[in-house]
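Engineer:
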Amino acid sequence: AQSVTQLGSHVSVSEGALVLLRCNYSSSVPPYLFWYVQYPNQGLQLLLKYTSAATLVKGINGFEAEFKKSETSFHLTKPSAHMSDAAEYFCAVSEPGNQFYFGTGTSLTVIP
Amino acid sequence: DAMVIQNPRYQVTQFGKPVTLSCSQTLNHNVMYWYQQKSSQAPKLLFHYYDKDFNNEADTPDNFQSRRPNTSFCFLDIRSPGLGDAAMYLCATSRDRGKDTEAFFGQGTRLTVV
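Shown next as structure tokens:
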């Protein structure tokens with residue numbers, strides 16, 4: 014069965030610093046991987062997705078993620094954090110024919 | 164323009180009183196999902212419809228039911244809400260199931276049980 018693990022339930026960075034949110038997956042077949050962001054009392058918004066076309070995926074708001082099969086990872090990064098990036102971030106996996114499964118989430122705090 | 168719309172945004176219901184949450188979509192997607200999200204937790208899939216085909220998760224309580232009368236609408240019925248059912252309920256849609264199609268989420272309905 015597929016699953017994702019997000020290391021670090023809380024991450025704090027200074028404004029302008031690098032953002033790194035970790036996600037590792039477990040899948041018996043090549044997975045489709047997603048990062049979603051959730052602002053307070055809102056639904057989830059897609060940041061980016063990996064669908065095997067390219068290992069480095071660029072998303073909205075300056076975020077990107079790199080798929081590393083050897084490490085079974087799909088970490089989310091942003092070179093310079095902005096105050097508006099403070100939110101909950103979820104990594105998710107789907108397999109062909111299956112539905113989405115979410116990681117436990119990482120709460121990002123940006124310190125001014 | 165909102166593509167997945169959930170009503171109401173906030174719902175207060177009494178312990179044991181049936182409640183229905185609604186979701187509509189303008190995307191004409193085949194798949195509609197219902198997730199339950201409790202505070203500081205990941206969304207948990209309750210069930211999903213693939214067209215008219217209902218797919219229940221094994222650990223979804225019988226207290227939760229769903230209806231999809233047409234492509235655009237899907238309802239979540241909680242027959243006898245308990246205090247433990249207080250949560251954010253998220254509706255989502257996707258063009259297809261799995262593969263590379265992302266899910267589009269509504270704003271959610273926050274359910275309070277008193």
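From first to last, the protein sequence lines are chains S and W. Quick note: the first sequence uses our numbering, first residue 14, plus one each step. Quick note: the second sequence uses our numbering, first residue 164, plus one each step. In this text, a Cβ means the ideal position worked out from N, Cα and C, and glycines have one as well. Being a predicted model, the structure only gives us computed values, none of them experimental.
1) Roughly how many whole angstroms lie between the Cα atoms of W:P171 and S:S120?
2) Contact between the segment 78-91 of chain S and the segment 28-46 of chain S: three or more CB pairs below 8 Å?
3) Look at the alpha carbon of S:F103 and the alpha carbon of W:P206, and state the distance between them as a whole number of angstroms.
4) Closest by CA to S:A30, which one among S:E79, S:Q112, S:F47 and S:M96?
5) Please name the residue in S:S83, S:N54 and S:A99 whose C-alpha comes closest to that of S:P125.
6) For W:I241, count neighbouring C-beta atoms within 10 Å of its own C-beta (all shown protein chains included) and say buried if the count is 16 or more, exposed if not.
7) Quick check on this structure: which residue in S:T85, S:I73, S:E79 and S:Q19 has the alpha carbon closest to the alpha carbon of W:Q204?
8) Between which residues of its own chain and S:G118 is the CB-CB distance below 6 Å, once the five residues before and five after are set aside?
9) Going along chain W in order, which residues have a C-beta closer than 7 Å to the C-beta of S:G118?
Structural biologist: With the structure as the only source:
1) As a working mapping, residue 171 of chain W is identified with position 8 in the second sequence. As a working mapping, residue 120 of chain S is identified with position 107 in the first sequence. Using only the alpha carbons, I get a separation of about 26 Å.
2) yes
3) The count along the first sequence starts at 1 and reaches residue 103 of chain S at position 90. The count along the second sequence starts at 1 and reaches residue 206 of chain W at position 43. Cα to Cα, the separation comes out at about 9 Å.
4) In the first sequence, residue 30 of chain S corresponds to position 17, counting from 1. Measuring from the Cα of S:A30, the nearest candidate turns out to be S:M96.
5) Reading the first sequence from its first residue, position 112 is the one you call residue 125 of chain S. Considering only alpha carbons, the answer is S:A99.
6) Start at 1 with the first residue of the second sequence, and residue 241 of chain W comes out as number 78. The residue is buried, with at least 16 neighbouring Cβ atoms inside 10 Å.
7) Taking the first residue of the second sequence as position 1, residue 204 of chain W is located at position 41. Cα-wise, what sits closest to W:Q204 is S:Q19.
8) Counted from its first residue, the first sequence places residue 118 of chain S at position 105. Cβ neighbours of S:G118 beyond the five flanking positions: E101 and F103.
9) Here residue 118 of chain S corresponds to residue number 105 of the first sequence, with the count starting at 1. A205, listed in chain order.
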